[in-house]
Amino acid sequence: MNITDVRVFPVEEDKLKAYVTITLDHCFVVRDLKVIHGSTGLFIAMPAKKRKDGTYKDIAHPLNADTRSQMERVILIEYEKHLHQAQDGTLGPVAAELD
Numbered sequence: 084m085n086i087t088d089v090r091v092f093p094v095e096e097d098k099l100k101a102y103v104t105i106t107l108d109h110c111f112v113v114r115d116l117k118v119i120h121g122s123t124g125l126f127i128a129m130p131a132k133k134r135k136d137g138t139y140k141d142i143a144h145p146l147n148a149d150t151r152s153q154m155e156r157v158i159l160i161e162y163e164k165h166l167h168q169a170q171d172g173t174l175g176p177v178a179a180e181l182d
């Protein structure tokens, strides 16, 4: 499984920095991943649904630590690229084909 596209949608909130959409192998899309600034730095939160009891349950998530690390690395690299483009004034499309 490869992440073949990353789309970054920045937001102006305290801890939430961006929403992200990824495409896997050019054929499967996962929307509403979040880039969050936590106490130890940036991390990725998986898309989740609020349950009746007020807790949240992931809708989609990696099944092992290696896959999670790979996803987080690719997404955060693209997020950082987006930040640098915005600072340089060269911000073009926020999507990145990674194939």
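The opening position of the sequence shown corresponds to residue 84 in this note's numbering, with each subsequent residue numbered one higher. Each residue gets a CB set at the ideal place from its N, CA and C atoms; glycine is no exception. Since the structure is predicted, the reported quantities are computational estimates derived from the model, not experimental observations.
Segment limits, alpha helix (DSSP H) that includes residue i
i	result
L166	A148 to D171
Residue i - containing beta strand (DSSP E), residue span
i	result
R114	F111 to G121
A143	It is not in any beta strand (DSSP E) - A143 carries neither H nor E in the DSSP assignment.
K133	A131 to K133
Strand pairing of residue i, partner residues [DSSP]
i	result
P93	A101
D108	DSSP lists no partner for D108.
G124	G121
Neighbour flag for residue i against chain D, beta carbons, 8 Å
i	result
C110	Of the protein chains in the structure, only one exists, and it is not chain D.
Cβ-based neighbour list, residue i, same chain, cut-off 7 Å, excluding 5 preceding and 5 following
i	result
P145	R151 and M154
H120	K98 and K100
D115	Y102 and P130
N147	none
Close beta carbons around residue i, own chain, < 8 Å, minus the five adjacent residues each side
i	result
M84	L107, D108 and T150
Y162	V91, K100, A101, V103, V118 and L125
Residues of its chain near residue i, where Cβ-Cβ distance is below 6 Å and the 5 sequence neighbours each way are ignored
i	result
K164	none
K133	Y139
P93	A101
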